[in-house]
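For the sequence shown, counting from 1, position 12 maps to 12 in the working numbering; every step adds exactly one.
Note that the Cβ used here is the ideal one computed from N, Cα and C, for glycine as well.
None of these values were measured; they are calculated from a predicted model.
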Amino acid sequence: MDNNGAPITPEQSKYIEQLVQELQQLEGSRRFDLTSLADTSGFTLHEARERIALLKQARDSLYAKKGRQVLKKITPGFYRREGKTYQVRPSKRGTNMYALRVTYKDGKPSGMSYERGAIYELRPLDRMSQEEFTSFANEFGNATGKCVICQRKITVQAHTGICPGCRTAI
Ligand SMILES: [Zn+2]
């Protein structure tokens with residue numbers, strides 16, 4: 001079935017806006033006015049797909065140039081982006097970082113799973129405030145009985161969501 005002539009979907013339109021914002025953040029300058037790229041009024045599904053492909057290509061080539069600098073600004077900790085929660089951790093060798101996404105079951109946190117590439121989507125601004133982190137740690141501890149930082153079982157004060165070992169490390 002060919003529905004390329006159908007109008008742009010709200011998801012596509014939102015995704016295009018996000019990509020443009022991301023490009024603007026990556027550019028970090030006002031050399032280019034990118035806002036016109038977010039204008040998709042009257043677009044068809046097909047045109048939206050082409051715009052998305054173009055923006056992603058631009059984004060990826062910027063990351064190839066600046067990826068390391070962008071990642072440097074991301075520090076280990078907890079982040080929220082587009083309704084999803086992530087923990088950023090350093091790799092074992094400490095040379096890289098990666099992101100785990102918090103999984104939910106019946107509306108409650110159930111664990112964390114590695115999400116490939118998510119680290120590149122996170123921005124310093126997505127970082128949780130101390131208050132948000134405390135509240136999320138409690139929620140995670142209550143639902144899973146595990147430490148939000150190291151994911152080990154907590155035997156004392158599980159409701160805080162932070163095991164004694166990690167608490168002293170904070
Ligand atoms: Zn812990």
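Which residues in the same chain as residue i place their Cβ atom closer than 7 Å to its Cβ, once the five residues preceding and following it in sequence are excluded?
i	result
I149	I162, C166
A118	Y86, A99, R101
T44	N4, G5, A6, P7, I8
List the endpoints of the continuous beta strand (DSSP E) containing residue i.
i	result
F78	77–81
P182	Nothing can be reported for residue 182: it is not among the residues displayed for the chain, which extend from 1 to 170.
P164	Careful: P164 lies outside any beta strand (DSSP E), inside the alpha helix (DSSP H) at 164–169.
K153	Per DSSP, K153 belongs to no beta strand (DSSP E) and is neither H nor E.
S113	108–114
For residue i, verify whether its CB is less than 8 Å away from any heavy atom of ligand 1.
i	result
Q152	The question names Gln, yet the displayed sequence has Arg at residue 152. Yes.
G83	no
G165	yes
I149	yes
I162	yes
Using a Cβ-Cβ cut-off of 8 Å (strictly less than) and excluding sequence neighbours within five positions of residue i, which residues of its own chain qualify?
i	result
G145	K153, I154, A158
How far does the alpha helix (DSSP H) with residue i in it extend, from its first residue to its last?
i	result
F100	Note that residue 100 corresponds to Leu in the displayed sequence, not to Phe. Not the alpha helix (DSSP H): L100 falls in the beta strand (DSSP E), residues 97–105.
V20	10–27
S135	130–144
P7	Where P7 is concerned, there is no enclosing alpha helix (DSSP H), given that its DSSP letter is neither H nor E.
A158	Here A158 belongs to no alpha helix (DSSP H), and DSSP marks it neither H nor E.
Can you give me the Cβ contacts of residue i inside the same chain, cut-off strictly under 6 Å, excluding the 5 residues immediately before and after it?
i	result
T137	At residue 137 the sequence reads Ala, which differs from the Thr that was named. Answer for A137: V148, G161, I162, listed in chain order.
Kindly indicate if chain B contains any beta-carbon less than 9 Å away from that of residue i.
i	result
A158	As a matter of chain content, chain B is missing from the structure shown, which is built from one protein chain.
So within the stretch 36–75, which uninterrupted alpha helix (DSSP H) runs reach at least 4 residues, ignoring any that extend past its ends?
45–72
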